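169 is the number that my numbering gives to position 161 of the sequence shown; each next residue is one higher, with no gaps.
Quick reminder that beta carbons are idealized off the backbone N, C-alpha and C, glycines included.
It should be emphasised that the depicted structure is a prediction, and the values quoted were computed from it without experimental measurement.
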Amino acid sequence: MFNDKVLEEVKKKALEDHIPIIMDDTLEKIKEILEEEKPKRILEIGTAVGYSASQFAKFTDDDCIIDTIEIDEERAKEAQNNIKEIGVEDRINIMVGNAVDILPNLDNVYDIVFIDAAKGKYPIFLEYGIKLTRKGGLILADNILYKGYVMSDYNKHKQRTAVRHLREFIKEATENEKLETEILEVGDGLSITRVN
Ligand code: SAM
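Put into C-alpha cells, the structure is as follows:
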C-alpha cells in the first residue's frame with residue numbers, strides 16, 4: 009500500500025537537509041503529463057532520495073516501472089530505504105553510478121525520460137534520452153532555465169559552464185527535426201520534448 013505519510017516525511021527531511029527535490033508546481037505539471045500519457049516505463053536521471061520517483065509511482069498505474077540513476081551512494085541508500093517505507097520498492101529500480109556510464113549500457117525503451125541531474129551533462133543526457141525514448145514518447149528536463157541565468161547575458165563564473173550546457177541542450181531540443189520542444193516557466197523551468 010502506498011504510504012502518503014512517509015512520502016510527506018521524505019519531502020520534509022529532504023528540504024531540511026537541503027537536498028534539491030522537484031518543486032511543487034513542476035510536480036503538478038508532470039502529474040498532468042503522467043495521467044495523460046499513461047507510461048509503462050519511466051527513466052529518471054537523478055534519484056536523490058527517491059522523492060520524485062515515488063511521486064511518479066503514485067501518479068501512474070501499478071504496472072508502470074521506474075528506473076532511476078543516482079551517482080551518490082549515500083543518497084541512493086537513503087532512496088532505497090525511502091521507497092521501501094513508502095511501499096513502491098517493487099516499482100522503482102535504483103541504479104547507482106554515474107549516468108554518463110550507465111546510460112550507454114541500457115537497452116530498455118522508455119515512454120518517458122526525466123532528466124534531473126548535473127546541468128553540465130544535459131546535452132549528453134539528451135543524446136541518450138533520444139536513443140532510449142520510444143517514438144512518440146517524451147523527454148522532460150527540470151531546471152532548464154536555471155534561476156533565469158540561461159536567459160541572462162551576464163553570468164558569474166560559477167554558473168557559466170552549466171549555462172553553456174543548458175543552452176546547448178535547448179538548441180538541440182528545439183532545432184533537431186526529430187524533436188518538438190516546449191519550455192514552461194514552472195519551477196526552475198521544465199522542458200517537454202516529444203520524440204518523433
Ligand atoms: N529527482 C530528484 C527529486 O526531485 O526528488 C532530485 C534530483 S537532484 C536535483 C539531482 C541528483 O542527481 C543528485 O542527487 C545528484 O547526486 C545526482 N547526480 C548528479 N550528477 C549525476 C550523474 N552524472 N549521474 C547520476 N546522478 C547524478
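Residue range of the unbroken beta strand (DSSP E) whose run includes residue i
i	result
F122	Y118 to I123
S199	L198 to V203
I53	R49 to I53
K39	Element bounds for K39: not the beta strand (DSSP E) but the alpha helix (DSSP H), D32 to E45.
L153	Premise fails: L153 is in no beta strand (DSSP E) and is neither H nor E.
Any non-hydrogen atom of the ligand SAM within 7 angstroms of residue i CB
i	result
G137	no
V108	yes
T55	yes
S199	no
E78	yes
D75	no
I120	no
I102	no
R99	no
Y59	yes
Cβ pair residue i, residue j closer than 8 angstroms
i	j	result
L23	Q63	no
I74	I38	no
I147	V121	yes
E93	A84	no
V57	E86	yes
Limits of the alpha helix (DSSP H) - the one that residue i falls within
i	result
T68	Here T68 belongs to no alpha helix (DSSP H), and DSSP marks it neither H nor E.
A149	Segment T141 to D150 is the beta strand (DSSP E) holding A149; no alpha helix (DSSP H) there.
Quick one: which unbroken beta strand (DSSP E) runs of 3-plus residues sit fully inside the region 70–133? Chain order, please.
Along the region 70–133, the beta strand (DSSP E) occurs as fully enclosed runs of 3 or more residues at 73–78, 100–104 and 118–123, listed in sequence order.
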